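Residue numbers (my numbering): 10 to 143.
Note sheet for the following structure.
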């Protein structure tokens, strides 16, 4: 099982996997944690790599999906709600690729608190979305 698939399975089963130094901490329902632990242990390096913070260039306005609170497991919840014209409702974006997305909602580590619609209003207009400030 790939590391991304493992993280998705963990999310479905209510298990939170977080880096703890060079280890991984699994929290959640005991039976699910116990069932997932061997696979997580086997894919530890790949899971740590997926969960590692991505270094960014200071002057970039692009973000990764892992920085967005719309990412649940490996799926984009903005796409699931039909907010991304280019994406299927079961969209699984490339997690670590820097890009601009109108569905972006900043996670707790992003000092720039603007949403994707605020950052990229031209994209919203091109995609046929209404953009309005109130």
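The C-beta atom is built at its ideal place from N, Cα and C for all residues, glycine as well.
Fair warning: this is a prediction, and the values are worked out from it, not measured in the lab.
8 Å Cβ shell around residue i - same chain, five flanking residues per side excluded
| i | result |
| --- | --- |
| residue 37 | 19, 22, 23, 24 and 25 |
| residue 10 | 18, 48 and 52 |
| residue 91 | 98 |
Bridge partner(s) assigned by DSSP for residue i
| i | result |
| --- | --- |
| residue 26 | 35 |
| residue 74 | Partner(s): none; residue 74 has no beta bridge. |
| residue 81 | 84 |
| residue 115 | 77 |
| residue 108 | 72 |
Closest residue to residue i among the options (Cα-Cα distance)
| i | options | result |
| --- | --- | --- |
| residue 108 | 115, 74 and 46 | 74 |
| residue 97 | 57, 43, 44 and 86 | 86 |
| residue 126 | 110, 57 and 120 | 110 |
| residue 29 | 91, 69 and 54 | 54 |
Under 9 Å between C-beta atoms of residue i and residue j
| i | j | result |
| --- | --- | --- |
| residue 13 | residue 59 | yes |
| residue 93 | residue 116 | no |
| residue 128 | residue 121 | yes |
| residue 56 | residue 15 | yes |
Contact with chain D by residue i, beta-carbon distance below 9 Å
| i | result |
| --- | --- |
| residue 130 | The displayed structure is made up of one protein chain only, and chain D is not part of it. |
Exposure label - residue i; buried when at least 16 CB within 10 Å
| i | result |
| --- | --- |
| residue 66 | Annotation note: pLDDT 48 at residue 66 (below 50); position unreliable, coordinate value reported separately. So residue 66 counts as exposed. |
| residue 102 | buried |
| residue 106 | exposed |
| residue 72 | buried |
Other residues of its chain near residue i: CB distance less than 6 Å, five sequence neighbours each side excluded
| i | result |
| --- | --- |
| residue 17 | 82 and 83 |
| residue 34 | 27 |
| residue 89 | 98 |
| residue 100 | 85 and 88 |
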